[in-house]
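Just so you know, the protein sequences line up as chains X and R, in that order.
The opening position of the first sequence corresponds to residue 1193 in our numbering, with each subsequent residue numbered one higher.
The opening position of the second sequence corresponds to residue 14 in our numbering, with each subsequent residue numbered one higher.
Glycine included, C-beta positions come from ideal geometry on N, C-alpha and C.
Quick caveat: nothing in here was measured; it's all calculated off a predicted structure.
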Amino acid sequence: MPVQVQGEVLSMRKVGAYHAMTVVAPGMAELTRPGHFLAVQVGGPESSMLLRRAFAIYDVKARGVYGGTVEFIFSVHGKGTAWLAARRPQDKLDLVGPLGQPFKLPTHPATAMLVGGGYGSAPLLPLAATLRQRGCRVDFVLGAASADRLFGQLDAKRIATSIEVTTDDGSMGRRGRVSDVLPALLDRSGSEVVYACGPMAMLKAVTEISSERQIPCQVAVEEAMACGIGVCMTCVLPVIGDDGQTRMVRSCVEGPVFLGDRVRWDDVGTLPPDVVGSLNAVGDSHR
Amino acid sequence: MSEVTLRPAHQAPSAPTLDMSTRLGSVTFPNPVFTASGCAAAGQELDQFFDISELGAIVTKSIMLAPRSGRATPRMAETPSGMLNSIGLQGPGIDAFLDKDLAWLASRGARTVVSIAGGSVEDYAKLTTKLRGRPGLAMIEVNISCPNVEDRGQVFACDPAAAASVISAVKRAAPTGVPVFAKLSPDVTDIASIARACVDAGADGLSVINTLLGMVIDTDTMRPALGGVTGGLSGPAIRPVAVRCVWQIRQALPDIPILGMGGIRTGLDALEFVLAGANAVSVGTTVFGDPRAPIRVLDELARALSDRGFERFEDAIGLAHKPPVLYVPEDPDPIGDEPAVVFHPSVAFEGDG
């Protein structure tokens, strides 16, 4: 059950191309599991930006000198995130969280491969810590466009048995994509489970590579959201249910974590004719 | 220091003497603040943040006969003080809605306004028939501002005759004692004439307004931002349009109940609608940014009314249409036979925040 908290910014730091913000948000940390996200109001009480910005929760501390804190990573994309990046310690921030379905954990000490693209690694780092506590082996592949767009590679190195880094421009690690190195790493590590978070194209590639090897793969998707709590119906994508039928499913409530092979990656952003209740070529617009 | 809001106990309105109840047709609601259709799903999600039974009513997302996928994404674009949506009435269909959602709302003790949408007059009649005898049903809101499948591109609420035919079909099928409200589109030349056509066809009241048709073009992709190309504009950006529509309908139809909505963010926003003539209000898009908005607006509206000396919410309805309230001095001027016109003797003039 999520809470709405009037939080207070504790600290802000720059991490490469990203911003890391820690907020005192009592009541949220103890409810948070790896894969949960939060939604932040931006622009202050009189803001002309009505919609919350959603971010994966990176680090939480349930108890501390200042009370419970949550930390999230973001990149400045528009006016809302620019406003966030200008916050300073003690500024007030309205947060709702934890939201969504967290990653499911294996019941036995499995060997897990964690694949992060850009700051998609943020929810994977607490996941890695949790998996290690349960006796799992953790291997990491982190990829980004360039070195400054990697996040958490030092943390990952500390936690993981192995880590491989790729960048599109070769500024760190191997030049290329995570999908170039993933097949060999899965075979070498004997991975039994894959977790991934990052851009949709990467999630699709990771799902395909895992499926070829019949390794279950959980992905945390990024979809544009208006509310984050399940009422607006904007963040949907076509997902195959247990009954074999595809539905337009809310990534904020039923996700953001899905089984990769249940998401119809090629149909994201379209309306497949076999979706339950599919509506094709109808010129409607109103709620 | 920060404060936690787990499941906050709702604060009673500041003035214990303030009567917030409001009558819409044959039904009296304990207070005038409702959710808005399409902005609260069927109440369960918001119930995590406040007790939904404390609102006047939950207005559910428009339901159709069959399950419906809605449109392709992107379905949303943020705009200055507003947003565009092109959801396309995604929903589980009336049968699943009745068995799961309405049953849950009834068990929670919430008063429910069920919003229905169809592609034909028959659809609306069938939907209404299925609502008969359902516990928890307080009112029916007929969303005639949705696509008309029979006549593509045409919206029932843009044509007085089409609007009237839907409303009379719903009225014939509706259970007795359940008011039927027509939800109107602002995208018309004369909203009062559509309102009159609905009332002549038997509507017990009017929900004013639905979204305005709008469009955003993404300057990076150089294509329409929404999958559905055009979308419905909502949020505070449309509030003056909505207040104007409520005002015009109240002028044309002095006695018809109006459920006002369109960009309400605060209690004072809600009061604007009430003064323009709304008997109750819906809080919609604001919920996306603040899940507790409806209960907050209720508290703020109650405080705003108390501050202005009201003892009954209903005394404020349509007050902006009345002559200005005159100040009555302690020691009235003895000259002149005409007593000062005082519409509401306890109206305060200072410190209204």
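Subject >> Residues near T1353(X) in its chain [Cβ-Cβ closer than 8 Å; skip 5 each side] >> reply: R1329, V1330, D1331 and S1381
Original post:
When burial is assigned at 16 or more other CB atoms within 10 Å of the CB, is E1200(X) buried or exposed?
Top reply: E1200(X) comes out buried.
Original post:
What whole-angstrom Cβ distance do I76(R) and A53(R) have, given they're in contact under 8 Å?
Top reply: Actually they do not touch by this definition, with Cβ atoms about 13 Å apart.
**OP:** Could you name each continuous alpha helix (DSSP H) segment of 4 residues or more that falls completely within the region 1299-1360 of chain X, going from the start of the chain to the end?
**Re:** The qualifying runs are 1316-1325 and 1345-1351.
**OP:** Kindly indicate if chain X contains any beta-carbon less than 7 Å away from that of I100(R).
**Re:** Interface residue (Cβ-Cβ distance to chain X less than 7 Å): I100(R) is classified as such.
Subject >> Proximity test, Cβ basis, 7 Å: F63(R) and chain X >> reply: No, because no Cβ of chain X sits closer than 7 Å to the Cβ of F63(R).
Original post:
From the beta carbon of F42(R), is the nearest beta carbon of chain X less than 7 Å away?
Top reply: By this cut-off, F42(R) is not an interface position.
Original post:
Checking contacts by CB at 7 Å: is C1444(X) closer than that to chain R?
Top reply: no
Original post:
In this structure, does DSSP put V1413(X) in helix, strand or coil?
Top reply: coil
**OP:** Quick one: list the residues of chain R neighbouring A1254(X), beta-carbon separation under 7 Å, in chain order.
**Re:** Going along chain R, no residue has its Cβ under 7 Å from A1254(X), so there is no contact; the nearest lies around 13 Å.
Subject >> Stretch pair the region 76-85 of chain R + the region 1400-1410 of chain X: three plus CB contacts closer than 8 Å >> reply: As far as the Cβ criterion goes, the region 76-85 of chain R does not touch the region 1400-1410 of chain X, which means the pair count is below three.
Original post:
What does a CB cutoff of less than 7 Å around R1324(X) pick up in its chain, not counting 5 residues either side in sequence?
Top reply: V1330 and I1351
Subject >> For S128(R), three-class secondary structure by DSSP >> reply: strand
Original post:
So G309(R) is in the alpha helix (DSSP H); what residue range does that whole segment cover?
Top reply: First, the amino acid is wrong: residue 309(R) is Arg here, not Gly. Per DSSP, R309(R) belongs to the alpha helix (DSSP H) from A306 to D320.
Original post:
Name the chain X residues that come within less than 8 Å of F301(R), Cβ to Cβ?
Top reply: L1242, L1243, R1244, A1418, C1419, V1423 and C1424
**OP:** Could you tell me which of G1292(X), G1259(X) and G1236(X) sits nearest to R1225(X), measuring between CA atoms?
**Re:** G1292(X)
Original post:
What alpha helix (DSSP H) runs, 4 residues minimum, are completely inside the region 84-111 of chain R?
Top reply: Fully enclosed alpha helix (DSSP H) runs of no fewer than 4 residues are not present anywhere in the region 84-111 of chain R.
Subject >> Whole runs of the alpha helix (DSSP H) within the region 137-191 of chain R, excluding any shorter than 4 residues >> reply: 173-186
**OP:** Could you give the DSSP three-state label for T224(R): helix, strand or coil?
**Re:** coil
Subject >> Contacting positions in the region 214-234 of chain R - beta carbon closer than 8 Å to chain X >> reply: Contacts with chain X (Cβ-Cβ distance below 8 Å) from the region 214-234 of chain R involve N223, T224 and L226, listed in chain order.
Original post:
Shorter than 7 Å from the beta carbon of Q264(R) to some beta carbon of chain X?
Top reply: no
Original post:
Helix, strand or coil: how does DSSP classify D282(R) here?
Top reply: helix
Subject >> alpha helix (DSSP H) runs contained entirely in the region 1391-1462 of chain X, provided each spans 4 or more residues >> reply: 1392-1404
**OP:** Report yes if the CB atom of Q1345(X) is closer than 7 Å to the CB atom of D1286(X), and no otherwise.
**Re:** no
Original post:
List, in order along the chain, the chain R residues whose C-beta lies closer than 7 Å to that of L1471(X)?
Top reply: R81, S82, G83, R84 and G101
Original post:
Grouping DSSP H, G and I as helix and E and B as strand, with all else coil, what is R1366(X)?
Top reply: strand
Subject >> Continuous alpha helix (DSSP H) stretch holding K1271(X): start and end >> reply: Here the alpha helix (DSSP H) through K1271(X) covers K1271 to A1277.
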